[in-house]
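Trainee:
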Amino acid sequence: MKVYPSTHIRNVGIVAHGGAGKTSLTEALLYNAGATKRLGRVDEGNTVTDYHPEEIKRKVTINTSLAFAEWQDHKINILDTPGYSDFFGDVVSALRVVDSVLVVVSAVAGVEVQTEVVWEEAEARHLPRLAYVNKMDRENANFQKAVDSMRERLSGRIVPVQLPIGAAETFTGVIDILNQKAYTYDSNGNEKEGPVPAEYAGEVASLREALVEAAAEGDDELLMKYLEGEELTPEEVRIGLKKAIAEGKVVPVLCGSALKNMAVKPLLDYIVNYLPSPVDVAGKTATELEKESLAVLVFKTLADPYVGRLSMFRVYSGILKSDSSVYNANRESEEKIGQLFALQGKTQVAVTEMRPGDMGAIAKLQVTTTGDTLTSKASPVKLEGINFPEPTLPVAIRPKSKGDEDKLSNALARLLEEDPTLRLSKNTETRETILTGMGESHLDITLERLQRKFGVEVEMSTPRVPYRETIRASVNRVEGKHKKQTGGHGQYGHVFIDMAPLPDKEFEFTETIFGGAVPRQYIPAVEKGIREAMQEGILAGYPVTNIKVNLADGSYHTVDSSEMAFKIAAGIAFRKAVEQAKPVLLEPIMNVEITVPEQFMGDIMGDLNGRRGRILGMEPQGKNQIIRAQVPLAEMYRYAIDLKSITQGRGHFKMDFAQYEEVPASIAEKIIQEARREKDE
Numbered sequence: 001m002k003v004y005p006s007t008h009i010r011n012v013g014i015v016a017h018g019g020a021g022k023t024s025l026t027e028a029l030l031y032n033a034g035a036t037k038r039l040g041r042v043d044e045g046n047t048v049t050d051y052h053p054e055e056i057k058r059k060v061t062i063n064t065s066l067a068f069a070e071w072q073d074h075k076i077n078i079l080d081t082p083g084y085s086d087f088f089g090d091v092v093s094a095l096r097v098v099d100s101v102l103v104v105v106s107a108v109a110g111v112e113v114q115t116e117v118v119w120e121e122a123e124a125r126h127l128p129r130l131a132y133v134n135k136m137d138r139e140n141a142n143f144q145k146a147v148d149s150m151r152e153r154l155s156g157r158i159v160p161v162q163l164p165i166g167a168a169e170t171f172t173g174v175i176d177i178l179n180q181k182a183y184t185y186d187s188n189g190n191e192k193e194g195p196v197p198a199e200y201a202g203e204v205a206s207l208r209e210a211l212v213e214a215a216a217e218g219d220d221e222l223l224m225k226y227l228e229g230e231e232l233t234p235e236e237v238r239i240g241l242k243k244a245i246a247e248g249k250v251v252p253v254l255c256g257s258a259l260k261n262m263a264v265k266p267l268l269d270y271i272v273n274y275l276p277s278p279v280d281v282a283g284k285t286a287t288e289l290e291k292e293s294l295a296v297l298v299f300k301t302l303a304d305p306y307v308g309r310l311s312m313f314r315v316y317s318g319i320l321k322s323d324s325s326v327y328n329a330n331r332e333s334e335e336k337i338g339q340l341f342a343l344q345g346k347t348q349v350a351v352t353e354m355r356p357g358d359m360g361a362i363a364k365l366q367v368t369t370t371g372d373t374l375t376s377k378a379s380p381v382k383l384e385g386i387n388f389p390e391p392t393l394p395v396a397i398r399p400k401s402k403g404d405e406d407k408l409s410n411a412l413a414r415l416l417e418e419d420p421t422l423r424l425s426k427n428t429e430t431r432e433t434i435l436t437g438m439g440e441s442h443l444d445i446t447l448e449r450l451q452r453k454f455g456v457e458v459e460m461s462t463p464r465v466p467y468r469e470t471i472r473a474s475v476n477r478v479e480g481k482h483k484k485q486t487g488g489h490g491q492y493g494h495v496f497i498d499m500a501p502l503p504d505k506e507f508e509f510t511e512t513i514f515g516g517a518v519p520r521q522y523i524p525a526v527e528k529g530i531r532e533a534m535q536e537g538i539l540a541g542y543p544v545t546n547i548k549v550n551l552a553d554g555s556y557h558t559v560d561s562s563e564m565a566f567k568i569a570a571g572i573a574f575r576k577a578v579e580q581a582k583p584v585l586l587e588p589i590m591n592v593e594i595t596v597p598e599q600f601m602g603d604i605m606g607d608l609n610g611r612r613g614r615i616l617g618m619e620p621q622g623k624n625q626i627i628r629a630q631v632p633l634a635e636m637y638r639y640a641i642d643l644k645s646i647t648q649g650r651g652h653f654k655m656d657f658a659q660y661e662e663v664p665a666s667i668a669e670k671i672i673q674e675a676r677r678e679k680d681e
């Protein structure tokens, strides 16, 4: 395959809410550029970029896929991203490496929630945007309504550069507003150029005036000329528009139908002619970028049990060559590069080298993971990594078959390499393996992959809360005696302990033994016995914490006393003391920080009250409000799902441990009964 210079590369991320037609549009772009021989369809499961079994089954994009279209002697690298919030991590990694974003908006639904979320992310990264109103052939399609929804809900100056001819079943083509030409399409998607239909002349003229004004604002010289009343040439408008798009001042809007293959070629032209190249973004010449030290960022990893690891990357500077050695700046380790590939979905096309700005894939890297920089050891460079969103929905998992524990941990390690938005932890208190994901679909698909790729079936449940037990009163001289005297060597241990609450510390052990009532060598055994007894409280079997124990008195037998006997006696005394010292159940309380749009504040606060939460404060952050609260962990396990539902997917939260607090009596009673029932079973 041809090696493209940096000036002839365009890196575009295709983003939108799920169902707007990103994958269909990607398919149409590839087909029109001659990369494929037939137009694949999501419904038929034969598209280039939705090739994973989970995607074909669900008919939605789950993974960001890389494909390329060769058009007008340019290479357009396309990243087709997921549209559902559970897979937002893949969108974040794509936005880290693209130079511009193509936002797909449905002509029927207009701007939807995830479009807003991705738009804000692109805005924060100062990425130039181009919008495409898709599904113009559908019933209830309305271009103006879609544009209005963009102006109402998205930031930036939204400027149509095309106008549809008709809508729904009467949609036949588009009008190029700048060049004042009409393009109509037959049922096979064949294009025909002609004059602007008379009934659109007035609308095209006023839209052209708005377009020229927007373009003039992209360049100071053009703006002066425009304000002085001079006519701008089409070439000047193009130059101004390209600058305005690159600076994010203008978002041009095109339209068409990906499924019917109508008005897709003009979009390819627009990408090549108006969106920035890697050279434009870097502000350096191609030669300068090539001469700089090698800097390559790995933005996605695919783990396959048969093929091994496939790493997708973007070259930022230097030239990456097949069969070479590179240095991983993050791992401080050398890597061997085998064959480089340009990716067409799952199809790998061999290339000899890749210039700055290009994207591709390498197989079987040994230590490299997502977010790592590959560079040269002589003059290493470390690129900024990728800040993935933190997952917030935890589940406890265990293999269905008893002997699959090792198999499960190996499979999970491979999946964690592939998906940085998964977290795995072991809760030693509840003895559970906790897998945390971005949402229900994310976790369901992860478990599906475990079974399909690695043959491990897993059961999923809500994690148990790591409750604790403590005491609220002090008790003195509680006796513990262990005495066994049968034939031969007996056992004798005898202690008196004092116990008191210790709010600021987990445990403290002291002794005030007088006159050798308990010999020195047995005192450590007493402490050990108490520490062991603390592992299981008397209320519901949870660990005991925040107590102070003092060994006050006791007695011993010169022959029958032993460390074991004193350890057992201490355990007996401990359980008796806890029983007398008003034992209570404690639960973990979390610090929670929730970011939501203003209009959902009332609902969120009401919901937090229903979760026994305490609101600590609020503060504005742009269009959003941040609510800080403390909420029991028991009430937060399903919060990721509920928050999404309350805020229509616009809210997010993070939480960390604050402290343990007493469980209200009515709730504690239920927890204790449940624990005892489980023990009896």
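Under full-length UniProt numbering, the first residue of the sequence shown is numbered 1, with each subsequent residue one higher. Glycine included, each C-beta is placed from N, C-alpha and C at the ideal position.
#1: Run through DSSP, which three-state label would Thr184 get?
#2: Buried or exposed: Leu130, going by 16 or more other Cβ atoms within 10 Å of its Cβ?
#3: Considering only the beta carbon of each residue, do Leu127 and Val98 sit closer than 8 angstroms?
#4: I'd like to know whether the C-beta atoms of Glu508 and Lys567 end up nearer to each other than 8 angstroms.
#5: Can you look up Tyr327 in the DSSP assignment and give me helix, strand or coil?
#6: With H, G and I counted as helix, E and B as strand and the rest as coil, what does DSSP make of Gln114?
#7: Starting from Tyr492 and walking both ways along the beta strand (DSSP E), at which residues does that stretch end?
#8: Hey, out of Glu527, Thr545, Val526, whose CA is closest to Gln535's CA?
#9: Could you spell out the range, first to last residue, of the alpha helix (DSSP H) harbouring Phe143?
#10: Any idea if Met136 is buried or exposed, counting beta-carbon neighbours within 10 angstroms, 16 or more meaning buried?
#11: Does the count of Cβ pairs from the stretch 313–325 and the stretch 352–368 closer than 8 angstroms reach three?
#12: Would you mind listing the alpha helix (DSSP H) stretches within the stretch 589–665 that are 4+ residues and don't spill past its ends, in chain order?
#13: Helix, strand or coil for Phe299 per DSSP?
#14: To the nearest angstrom, how far is the alpha carbon of Ala69 from that of Pro278?
#15: Going by Cα to Cα distance, which pick from Ala16, Pro664, Leu30, Ser666 is closest to Leu343?
#16: Which residue from Glu681, Ala107, Phe299 puts its Cα closest to that of Ala167?
#17: Is it buried or exposed for Pro519, if we count other Cβ within 10 angstroms and need 16 for buried?
#18: Can you give me the C-alpha to C-alpha distance between Pro466 and Ala35, rounded to a whole angstrom?
#19: Less than 7 angstroms between C-beta atoms, sequence neighbours within five positions excluded: which residues of the same chain meet that for Val153?
#20: Roughly how many angstroms separate the alpha carbons of Ala350 and Thr595, rounded to a whole number?
#21: Kindly confirm or deny that the stretch 570–577 and the stretch 449–462 touch, where touching means at least three C-beta pairs closer than 8 angstroms.
#22: Throw me the rounded Cβ distance for the Phe388 and Val113 pair, which I believe falls under 8 angstroms.
#23: Can we say the stretch 406–424 touches the stretch 373–391, given the rule of at least three CB pairs closer than 8 angstroms?
#24: Can you find the residues in the same chain that come closer than 6 angstroms, C-beta to C-beta, to Gln72, ignoring five residues on each side of it along the sequence?
#25: Assuming contact is defined by CB atoms lying nearer than 8 angstroms, are Val495 and Gly554 in contact in what I supplied?
#26: Does the stretch 207–225 touch the stretch 168–188, meaning 3 or more C-beta pairs lie closer than 8 angstroms?
#27: Across which residues does DSSP place Glu353 in a beta bridge pair?
#28: Look at the alpha carbon of Ser474 and the alpha carbon of Ala581, and state the distance between them as a whole number of angstroms.
#29: Quick check for students: name the residue ranges of the beta strand (DSSP E) that lie wholly in the stretch 370–455, counting only runs of 3 or more.
#30: Output needed for Val367: all residues of its chain with C-beta closer than 8 angstroms, excluding positions within five of it in sequence on either side, in chain order.
#31: First and last residue of the beta strand (DSSP E) that includes Ile568?
#32: To the nearest angstrom, how far is it from the Cα of Gly26 to the Cα of Gly345?
#33: Can you have a look at Leu616 and say buried or exposed, based on whether 16 or more other CB atoms are within 10 angstroms of its CB?
#34: Confirm, please, whether the CB-CB distance from Glu662 to Val559 is below 8 angstroms.
#35: Check Asn550 in the structure and name its three-state DSSP category.
#36: What separation, rounded to the nearest whole angstrom, lies between the Cα atoms of Gln630 and Leu502?
Mentor: On the basis of the data shown:
#1: Thr184: strand per DSSP, three-state reduction.
#2: Note on Leu130: 16 or more other CB atoms within 10 angstroms of its CB, so buried under the neighbour-count rule.
#3: With contacts defined by Cβ atoms closer than 8 angstroms, Leu127 and Val98 form a contacting pair.
#4: Taking 8 angstroms as the Cβ cut-off, Glu508 and Lys567 do not qualify as a contacting pair.
#5: Looking at Tyr327 - three-state DSSP - the assignment turns out to be strand.
#6: In this structure, Gln114 counts as helix in the three-state DSSP scheme.
#7: Element bounds for Tyr492: 491–501.
#8: Residue Thr545 is the option with its Cα nearest to Gln535.
#9: Here the alpha helix (DSSP H) through Phe143 covers 143–153.
#10: Answer is buried; the Cβ neighbour count reaches 16.
#11: Yes, the stretch 313–325 touches the stretch 352–368.
#12: As summarised for the stretch 589–665, the continuous alpha helix (DSSP H) elements at least 4 residues long and confined to that stretch are 601–610, 639–646, given in chain order.
#13: In the three-state DSSP reduction, Phe299 falls in the strand class (E or B).
#14: Within the model, the alpha-carbon separation for Ala69 versus Pro278 is close to 16 angstroms.
#15: Nearest C-alpha to Leu343: Leu30.
#16: Comparing Cα-Cα distances from Ala167 to each of Glu681, Ala107, Phe299, the minimum goes to Ala107.
#17: The residue is exposed, with fewer than 16 neighbouring Cβ atoms inside 10 Å.
#18: Cα atoms of Pro466 and Ala35: separation of roughly 55 angstroms, rounded to the nearest angstrom.
#19: In the sequence on display, residue 153 carries Arg and not Val. Val111, Glu116, listed in sequence order.
#20: One C-alpha to the other measures close to 45 angstroms.
#21: No contact exists between the stretch 570–577 and the stretch 449–462.
#22: At roughly 20 angstroms, the Cβ-Cβ gap does not stay under 8 angstroms, so Phe388 and Val113 are not in contact.
#23: Yes, the stretch 406–424 is in contact with the stretch 373–391.
#24: Excluding residues within five positions, the ones whose Cβ falls inside 6 angstroms are Val272.
#25: Gly554 is positioned such that its CB atom lies closer than 8 angstroms to that of Val495.
#26: Verdict: yes, contact present.
#27: According to DSSP, Glu353 bridges with Lys321.
#28: Spanning the two alpha carbons is a distance of roughly 6 angstroms.
#29: Taking only runs of at least 3 residues, the beta strand (DSSP E) segments lying wholly in the stretch 370–455 are 373–375, 393–399, 423–427, 432–437.
#30: The residues Asn328, Arg331, Ser333, Glu335, in chain order, have a CB closer than 8 angstroms to that of Val367 in the same chain once the five nearest residues on each side in sequence are set aside.
#31: From DSSP, Ile568 is part of no beta strand (DSSP E) but of the alpha helix (DSSP H) over 563–580.
#32: According to the sequence shown, residue 26 is Thr rather than Gly. Put simply, the backbone Cα of Thr26 is about 11 angstroms away from that of Gly345.
#33: Result: exposed.
#34: For the pair Val559 and Glu662, the CB atoms are not nearer than the 8 angstroms cut-off.
#35: In the three-state DSSP reduction, Asn550 falls in the strand class (E or B).
#36: If you draw a straight line from the Cα of Gln630 to the Cα of Leu502, it comes to about 23 angstroms.
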